[in-house]
Amino acid sequence: MEKEYIYRFIPLAALFSALGLIFPVLFHFLGLGSAFLPMFIPIIMGAVLVPPVVAVSIAVITPVISFLLTGMPPVYPPVLIIVLAELITVSLIASLLYARKKFSIWLTLFIALTADRLLLFLFIKFLAKQLGFPEQFFSMAAIAYGIPGIILIFTVIPLSLKYLKSKYPQLLQSEN
104 MEKEYIYRFI PLAALFSALG LIFPVLFHFL GLGSAFLPMF IPIIMGAVLV PPVVAVSIAV
164 ITPVISFLLT GMPPVYPPVL IIVLAELITV SLIASLLYAR KKFSIWLTLF IALTADRLLL
224 FLFIKFLAKQ LGFPEQFFSM AAIAYGIPGI ILIFTVIPLS LKYLKSKYPQ LLQSEN
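Going from the sequence shown to the working numbering is simple: count from 1 and add 103.
As structure tokens, this is what we get:
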């Protein structure tokens, strides 16, 4: 029974993975770059609509396929590893809190993105130390760099969910 339950989320997983491939290309093409966290938007959106195992699958598959197709995020410096860790963290927390525990989308995003920024801070601090760069500067700069993306996430995802609830209530199952 569990397999059949998970299988029904494969189309949503494919949709949000595809959007996770398209958004970064589009944002970079428009000169908006990674400051807007373009891969995070579809990954988080998918995570709040699917069970945690599917959410984590989307978070793992999307950046790996993106790297294989576009070379981004790069393996060295270890951006791909950092992005993977961030997306897994954000998607797991978002799926558990919103889909399972029924937290509000605002609290879910706040907790997930705070955990993400903390993880990023620790990763960059460690890497800066290993590479001989000033730890505090690089760690704080990495966190500040994503602020436009966090604002975009807090705008787009709640509005998208509101729209989906009104037009497609069957997507928001009571038992994710």
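Every residue, glycine too, gets a C-beta built ideally from N, C-alpha and C. Note that this is a predicted model, so its numbers are computed, not measured.
6 Å Cβ shell around residue i - same chain, five flanking residues per side excluded
{"i": "P251", "result": "A138, F139"}
{"i": "F206", "result": "L200"}
{"i": "L187", "result": "P166"}
{"i": "A215", "result": "V193, I196, A197"}
{"i": "Y110", "result": "none"}
{"i": "T211", "result": "A197, L200, Y201"}
Residue i burial status per 10 Å Cβ neighbour count (16 or more: buried)
{"i": "P177", "result": "exposed"}
{"i": "T217", "result": "exposed"}
{"i": "P97", "result": "The structure shown does not extend to residue 97, since the chain is modelled only from 104 through 279, so no value can be given for it."}
{"i": "S269", "result": "exposed"}
{"i": "N279", "result": "No answer about N279 holds up, because its pLDDT of 44 lies below 50 and its placement is not dependable."}
{"i": "F130", "result": "buried"}
{"i": "G149", "result": "buried"}
{"i": "I192", "result": "The sequence shown places Thr at residue 192, not Ile. Buried, because 16 or more other Cβ atoms sit within 10 Å of the Cβ of T192."}
{"i": "T173", "result": "exposed"}
{"i": "P141", "result": "buried"}
Contacting residues, own chain, Cβ-Cβ under 7 Å from residue i (five flanking each side not counted)
{"i": "V259", "result": "I144"}
{"i": "E189", "result": "D219, L222, L223"}
{"i": "I227", "result": "F241, S242, A245"}
{"i": "A231", "result": "P237, E238, F241, S242"}
{"i": "V157", "result": "I109, F112, A116"}
{"i": "L183", "result": "P166, F170, P176, P177"}
Neighbourhood of residue i by C-beta distance below 8 Å, restricted to the same chain and skipping five residues each side
{"i": "Y108", "result": "P154"}
{"i": "I208", "result": "V151, Y201, I260, P261, L264"}
Residue span of the alpha helix (DSSP H) that contains residue i, given as start and end
{"i": "P180", "result": "No alpha helix (DSSP H) contains P180, which DSSP labels as neither H nor E."}
{"i": "M142", "result": "No alpha helix (DSSP H) contains M142, which DSSP labels as neither H nor E."}
{"i": "Q239", "result": "238-248"}
{"i": "F132", "result": "113-132"}
Inter-stretch contact at 8 Å, needing at least 3 Cβ pairs: the region 107-126 / the region 166-181: The region 107-126 vs the region 166-181: in contact.
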